[in-house]
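Asker: Submitted below is the structure of interest, expressed as structure tokens.
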């Protein structure tokens, strides 16, 4: 029997614009562990919010 999981974030990218060049670029710097944990927690909260919103839409037929 397969266990179904709600959709979850598998990847993210941080984009920045430097003051001397408005072109958006991918940030390649390594994130400190403490910040990485906070960031992961924040992404998980987004996943939970999405799952709750989708459940409400499915239950009540409310449009997006």
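Residue numbers (our numbering): 5 to 68.
Yeah, the Cβ is synthetic: ideal placement off N, Cα and C, and Gly gets one too.
Since this is a predicted model, take the numbers as computed values, not measurements.
1) Work out the CA separation of residue 29 and residue 57 for me, nearest whole Å.
2) Just the Cα atoms here: how many angstroms apart are residue 50 and residue 24?
3) Which residue comes first and which comes last in the beta strand (DSSP E) that contains residue 11?
4) Would you give the residue range spanned by the beta strand (DSSP E) that residue 28 belongs to?
Answerer: If we stick to the structure as given:
1) Taking the first residue of the chain shown as position 1, residue 57 is located at position 53. Taking the first residue of the chain shown as position 1, residue 29 is located at position 25. For residue 57 and residue 29, the distance between alpha carbons rounds to 32 Å.
2) Within the chain shown, numbered from 1, the residue matching residue 50 stands at position 46. Within the chain shown, numbered from 1, the residue matching residue 24 stands at position 20. Between residue 50 and residue 24, the C-alpha separation is close to 32 Å.
3) By 1-based counting over the chain shown, the position of residue 11 is 7. Premise fails: residue 11 is in no beta strand (DSSP E) and is neither H nor E.
4) Numbered from its first residue, the chain shown carries residue 28 at position 24. Where residue 28 is concerned, the enclosing beta strand (DSSP E) stretches over 25-30.
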